[in-house]
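Below you'll find the structure, written out as structure tokens, and then a few comments.
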Amino acid sequence: QVRIRRRAKKVTDPAGREADVLEDRAAREIARQSGVTLLEIYRAALKLGIYPYRYIRNVEILSAPEQLRLAESRVAVVGAGGLGGQVIVLLARLGVGTLVVVDCDLFDETNLNRQALCVGETLGKSKARAAAQAVASINPGIRVIPHPARIDAAVIDAILAGSDVVVDGLDNAPDRLLLQDAAGRLSIPMVHGALAGFEG
Numbered sequence: 303q304v305r306i307r308r309r310a311k312k313v314t315d316p317a318g319r320e321a322d323v324l325e326d327r328a329a330r331e332i333a334r335q336s337g338v339t340l341l342e343i344y345r346a347a348l349k350l351g352i353y354p355y356r357y358i359r360n361v362e363i364l365s366a367p368e369q370l371r372l373a374e375s376r377v378a379v380v381g382a383g384g385l386g387g388q389v390i391v392l393l394a395r396l397g398v399g400t401l402v403v404v405d406c407d408l409f410d411e412t413n414l415n416r417q418a419l420c421v422g423e424t425l426g427k428s429k430a431r432a433a434a435q436a437v438a439s440i441n442p443g444i445r446v447i448p449h450p451a452r453i454d455a456a457v458i459d460a461i462l463a464g465s466d467v468v469v470d471g472l473d474n475a476p477d478r479l480l481l482q483d484a485a486g487r488l489s490i491p492m493v494h495g496a497l498a499g500f501e502g
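Residue numbers (the numbering used here): 303 to 502.
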């Protein structure tokens with residue numbers, strides 16, 4: 303806490319309000335010196351009312367305690383393709399602390415036209431593992447737990463356990479029903495969406 307307070311700066315946000323912030327370079331140095339993760343530094347700063355500078359534009363809609371709540375949250379995104387990939391990117395930018403990403407597929411060329419995590423370098427790679435790599439480059443203060451496996455009744459409860467919210471990014475009805483049943487059993491709210499071509 304002392305290191306965080308010492309390295310914090312006062313800035314004026316885009317709306318003209320003053321806020322205490324911790325720049326990423328300083329946060330990384332403190333994490334390295336303290337032997338903890340960047341996520342732990344972000345959480346500690348927010349507990350002090352100091353925003354990680356990357357979240358300063360969230361100030362208009364999220365207070366420091368609300369941003370901290372996101373940093374302490376765990377969201378499971380099942381399906382990392384067209385819908386799930388966009389959700390993963392947005393949750394990482396917003397500052398959700400832990401993302402559980404579940405997808406058994408590999409990226410192929412047909413995904414290049416619509417899937418946020420599919421680029422030349424990820425072709426042939428696991429969607430779940432590519433999501434972890436993408437999030438690390440977008441926001442290294444986020445923890446990603448990739449599960450490159452197909453969901454089934456034997457593993458779904460263990461994968462979802464501990465999540466605050468489940469996001470359905472799946473592309474078929476049987477898996478959606480399996481996910482819905484598991485979320486219900488575990489009393490985890492589930493957010494559902496679907497894509498058809500370019501429509502949501």
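Yeah, the Cβ is synthetic: ideal placement off N, Cα and C, and Gly gets one too.
These numbers come from a predicted model, not from an experiment.
Subject >> Closest Cα partner of G426 within the set N413, A436, V402 >> reply: Your numbering for residue 426 matches position 124 in the sequence shown. Checking every option, the nearest Cα to that of G426 belongs to N413.
Original post:
Using 8 angstroms as the Cβ pair cut-off and three pairs as the minimum, do the segment 394 to 403 and the segment 435 to 451 touch?
Top reply: yes
Original post:
Which residue from R309, A333, G383, R334 puts its Cα closest to that of A498?
Top reply: Your numbering for residue 498 matches position 196 in the sequence shown. It is G383.
Original post:
Looking only at C-alpha atoms, which of Y344, Y355, K312 sits nearest to E325?
Top reply: Reading the sequence shown from its first residue, position 23 is the one you call residue 325. The candidate whose alpha carbon is nearest that of E325 is Y355.
**OP:** Grab me the residues of L350's own chain with a C-beta within less than 7 angstroms of its C-beta, minus the 5 sequence neighbours each way, in chain order.
**Re:** To locate residue 350, count along the sequence shown from 1; it is residue 48. Q303, I306, R307, listed in sequence order.
Original post:
In this structure, what does DSSP give as the bridge partners for K349?
Top reply: Stepping through the sequence shown from its first residue, residue 349 is reached at position 47. For K349, DSSP records no beta bridge to any residue.
**OP:** With a threshold of 16 other CB atoms inside 10 Å of the CB of G318, please say whether the residue is buried or exposed.
**Re:** Against the sequence shown, residue 318 aligns to sequence position 16. Result: exposed.
Original post:
Do I390 and V379 come within 8 angstroms of each other at the CB atom, strictly closer than that value?
Top reply: Position 77 of the sequence shown, counted from the first residue, corresponds to residue 379. Position 88 of the sequence shown, counted from the first residue, corresponds to residue 390. In contact: V379 and I390 (Cβ atoms closer than 8 angstroms).
Subject >> C-alpha distance - I338 paired with A328, whole-angstrom precision >> reply: Taking the sequence shown and counting its residues from 1, one reaches residue 338 at position 36. Taking the sequence shown and counting its residues from 1, one reaches residue 328 at position 26. Checking the sequence, you will find Val at residue 338 rather than Ile. Rounded to the nearest angstrom, the two C-alpha atoms are 14 angstroms apart.
Original post:
Taking the C-alpha atoms as reference points, what is the distance between V403 and V469?
Top reply: In the sequence shown, counting from the first residue as 1, residue 403 sits at position 101. In the sequence shown, counting from the first residue as 1, residue 469 sits at position 167. So the two alpha carbons sit approximately 10 angstroms from each other.
**OP:** Could you pull the start and end residues of the alpha helix (DSSP H) that I447 belongs to?
**Re:** Translated into the one-based positions of the sequence shown, residue 447 becomes position 145. Careful: I447 lies outside any alpha helix (DSSP H), inside the beta strand (DSSP E) at 445 to 449.
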